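Participant: Quick mapping for you: the protein sequence lines, in order, are chains A and B.
Going by this note's numbering, the first residue of the first sequence is number 464, and it counts up by one from there.
Going by this note's numbering, the first residue of the second sequence is number 35, and it counts up by one from there.
In this text, a Cβ means the ideal position worked out from N, Cα and C, and glycines have one as well.
A quick note: this is a predicted structure, and the numbers were derived from the prediction, not measured.
Attaching a single structure in structure tokens format; questions to follow.
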Amino acid sequence: MKPDHEQNAGTGAALVRMQDVGLAWGNGVTALDGLTLDVRGGEFLAILGPSGCGKSTALRLMAGLLAPTRGQVWRDGGLAGAGRVGFVFQDPTLTPWSRALANVRLPLDLAGVARAEANDRAAAMLALVGLAGFERAWPHELSGGMRMRVSIARALATHPDLLLMDEPFAALDEFTRTRLNDDLLALRARLGFTVAFVTHSSWESVYLADRIVIMTARPGRVLDEVRVTAPPGRGAPFRASAAYASQCAAVLAMAAAASGAAA
Amino acid sequence: MNGRTSRFSPALPLLTPLLTGLAALALWELAVRWGAIPPYILPGPVQVLQTLWSDRAILLPALGVTLWTTLEALALAVAGGASLALLFSRSRLLSAALYPFAVVLQVTPVIAIAPLLLVWLEPGSAVLVCAFLVAFFPVLSNTAAGLQAIDPGLDELFRLYGASRWQRLVRLEAPTAAPHFLAGLRIAGGLALIGAIVAEIAAGAAGQGSGLAWRIVEAGYRLNIPRMFAALLLISVSGVLIHAGLSLLTRLLPGQRVAARQM
């Protein structure tokens, strides 16, 4: 088991380095214009910005799902193999024709892992996200929060080095969202993956992240960067603390400025 | 519990049409007997059943011919429609070039094409081609629509994990398209029977001694109305059985019930 990464958060070398990256769609819309951004090994990076600022596009560039039309996206060589990067979408995007276990197993199946071993690993990951006993459940039988847990388990099934999350909890109610935030931090402490997390909630970004990058409205550029000061483990005491509230207020003010900057 | 719950008992959808049908048959039989309507105008249901039994040596082989043609046409439509839909999903050029002609074939009434086919082909093959032509389109258009209904998130997921073309086809495209394909198959089953019957009637005397529709035409020439009714009954029952069989097949396929519910 890897050590607790909460301690050396963000001190690692860059896993992904985006330098002056621009992306223009075929229809002439510029999604990103001169984005410079690093994701450092071991950190929890939140990318905060108004709707349509190209946060999701930035995440897809990191994943290699899109190629930039300008600038460079450099990815650590270790991320090249299939399954080294996990992706959690805004919707759970499960396959409705397979059960929870088979959904988690998908990346392992695609990598050609033997069925028995893949089943064991998928079941272990499902248990880790708190869904032991739901292996045979169909996606439509699960609640929205549980479906998102399955989606996270699927993204972690290959034990990726980098987990990319695209507003994963935006559609969930506040209680579910709070619990999933805590569980995500616990999972990360245990498995030690690096996270790039796109959100438009300043409260969520402060609660989760070691470092917050604030983007301007379209075309997206980085406007500001904040380092979050938080006790290890975070949890309810941090959420109730004055330090949390003041950092949230500061980030919120910066985000408001960012959405005004290009509006 | 009030009386309202019993009005929606689960047996209702089965029992109601059964009772309605029986009542209608009884009314028919009584009308024929009391009105002394001659059998060459309208035979009663009892006489139709008697004719079905006494003419079984003529009717059953004819039923065999028609059903075999229907199933052959359906099999060809499934193979042709599904593979063409797959080709269309691979090549937009091919789709753009050929799909309009598939529509032209579909909207041209098969009864208008049948005489031409009967000139070119021997009657058995002409009937088969007609049945194929009407059954082909629903399989093609539904499968093509199903192949386009792929979840964009799942599409990205498969790319992220470097899925091969084969893995994409088997694990993403086929299961996504399956409920659409099966809906098309259920329509095609009924249409194949209609196509076969229409072509047999168009063939007229040329199809002498073959299918069930020819037996109707022949019985009509001879004013053997009870036999016309008996043949008609067999055709209806065949149509119902084909539909029921294909519906059952849909429900037996693993996961399809669930996937269909999400459509």
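Taking 7 Å as the limit between beta carbons, can you name the residues of its chain near THR662/A, skipping five residues before and five after?
Facilitator: ALA509, LEU511, GLU630 and SER668
Participant: Can you list, in chain order, the residues of its chain with a C-beta nearer than 6 Å to that of ARG295/B? Leave out the 5 residues immediately preceding and following it.
Facilitator: Confidence in ARG295/B is poor, its pLDDT being 46 and thus under 50, which makes the residue's placement too unreliable to answer from.
Participant: Is it buried or exposed for ASP636/A, if we count other Cβ within 10 angstroms and need 16 for buried?
Facilitator: Counting the other Cβ atoms within 10 Å of the Cβ of ASP636/A gives fewer than 16, which makes it exposed.
Participant: Does PRO631/A come within less than 8 Å of chain B when only Cβ atoms are used?
Facilitator: Cβ-Cβ to chain B under 8 Å: no for PRO631/A.
Participant: State yes or no: is the beta carbon of ALA247/B nearer than 8 Å to at least one beta carbon in chain A?
Facilitator: So no, ALA247/B is outside the interface.
Participant: Any Cβ of chain A within less than 8 Å of the Cβ of GLU207/B?
Facilitator: No, its Cβ sits nowhere closer than 8 Å to a Cβ of chain A.
Participant: Keeping to the same chain, check which residues put their C-beta closer than 7 Å to that of ARG480/A; ignore five residues upstream and five downstream.
Facilitator: ASP501 and TRP537
Participant: From the DSSP secondary-structure annotation, give me the bridge partner or partners of TRP537/A.
Facilitator: ARG480/A
Participant: Using a Cβ cut-off of 9 Å, which residues of the stretch 188–220 of chain B contact any Cβ in chain A, in chain order?
Facilitator: LEU188, GLU190, LEU191, PHE192, ARG193, LEU194, TYR195, GLY196, ALA197, SER198, GLN201, ARG205, LEU206, PRO209, THR210, ALA212 and PRO213
Participant: By the DSSP assignment, the alpha helix (DSSP H) with GLU604/A in it spans what residues?
Facilitator: Unbroken run through GLU604/A: none, as it is neither H nor E.
Participant: Along chain B, in chain order, which residues have C-beta atoms closer than 9 Å to that of ALA545/A?
Facilitator: Those within 9 Å of ALA545/A in chain B are LEU194, TYR195, GLY196 and ALA197.
Participant: Using DSSP with H/G/I as helix, E/B as strand and the rest coil, what is ASP496/A?
Facilitator: ASP496/A falls in the strand class under three-state DSSP.
Participant: Using a Cβ-Cβ cut-off of 8 Å (strictly less than) and excluding sequence neighbours within five positions of PHE192/B, which residues of its own chain qualify?
Facilitator: The beta carbon of PHE192/B lies closer than 8 Å to those of GLN201, ARG202, ARG205 and LEU206 in the same chain, with the five residues before and after it left out.
Participant: Check whether the Cβ of THR556/A lies closer than 8 Å to any Cβ atom in chain B.
Facilitator: yes
Participant: Measure the alpha-carbon distance for ASN644/A versus PRO570/A and round it to whole angstroms.
Facilitator: Distance from the CA atom of ASN644/A to the CA atom of PRO570/A, rounded to whole angstroms, is 24 Å.
Participant: Locate the alpha helix (DSSP H) running through PHE660/A, then write down its first and last residues.
Facilitator: Run containing PHE660/A: none in the alpha helix (DSSP H); it sits in the beta strand (DSSP E), 657–662.
Participant: Please report the distance separating the alpha-carbon of LEU216/B from that of THR284/B.
Facilitator: Rounded to the nearest angstrom, the two C-alpha atoms are 6 Å apart.
Participant: From ASP467/A to ALA577/A, what does the alpha carbon distance come to, in whole angstroms?
Facilitator: Below a pLDDT of 50, predicted positions are generally treated as unreliable, and ASP467/A, at 41, falls in that range; the measurement from the model is reported next regardless. When rounded, the distance between both Cα atoms is 30 Å.
Participant: For ALA659/A and LEU522/A, I'd like the C-alpha separation in whole angstroms.
Facilitator: Going from the Cα of ALA659/A to the Cα of LEU522/A covers about 8 Å.
Participant: Roughly how many angstroms separate the alpha carbons of PHE550/A and GLU598/A, rounded to a whole number?
Facilitator: Each residue's alpha carbon lies about 21 Å from the other.
Participant: What does a CB cutoff of less than 8 Å around ILE184/B pick up in its chain, not counting 5 residues either side in sequence?
Facilitator: LEU206, GLU207 and THR210
Participant: Please tell me whether ALA680/A has its Cβ less than 8 Å away from any Cβ of chain B.
Facilitator: no
Participant: Return the bridge partner residues of GLU688/A from the DSSP annotation.
Facilitator: VAL676/A, per the DSSP bridge assignment.
Participant: To the nearest angstrom, how far is it from the Cα of ALA212/B to the Cα of ASP687/A?
Facilitator: 48 Å
Participant: Verify the CB distance criterion: does PRO623/A have a CB-CB separation below 8 Å to chain B?
Facilitator: Closer than 8 Å: no.
Participant: Mind listing the chain A neighbours of ASP185/B? Cutoff is C-beta to C-beta under 7 Å, in chain order.
Facilitator: THR556
Participant: Can you give me the Cβ contacts of VAL112/B inside the same chain, cut-off strictly under 7 Å, excluding the 5 residues immediately before and after it?
Facilitator: VAL173 and LEU219
Participant: Would you kindly check if the distance between the Cβ of LEU626/A and the Cβ of PHE733/A is under 8 Å?
Facilitator: With chain A covering 464 to 726 only, the question about residue 733/A has no answer from this structure.
Participant: Please identify the residue among ALA237/B, GLY69/B and LEU61/B whose C-alpha is closest to the C-alpha of ILE147/B.
Facilitator: ALA237/B
Participant: Secondary structure at ASP572/A, three-state DSSP: helix, strand or coil?
Facilitator: In this structure, DSSP gives ASP572/A a helical state, which the three-state scheme calls helix.
Participant: In chain order, what are the residue ranges of uninterrupted alpha helix (DSSP H) at least 4 long that sit wholly in the stretch 613–665 of chain A?
Facilitator: 637–654
Participant: Taking just the CA atoms, how far does SER665/A sit from LEU715/A?
Facilitator: 6 Å
Participant: Sorted by chain position, which residues of the same chain lie with C-beta nearer than 8 Å to GLY517/A's C-beta, five sequence neighbours on each side aside?
Facilitator: LEU486, ALA494, LEU495, LEU498, MET678, ARG681, PRO682 and GLY683
Participant: Taking the beta strand (DSSP E) that VAL551/A falls in, what are its first and last residues?
Facilitator: 548–551
Participant: Answer with buried or exposed for SER123/B, where buried requires no fewer than 16 other C-beta atoms within 10 angstroms of its C-beta.
Facilitator: buried
Participant: Would ILE675/A and VAL685/A qualify as a contact pair, given that the criterion is a beta-carbon distance under 8 Å?
Facilitator: no
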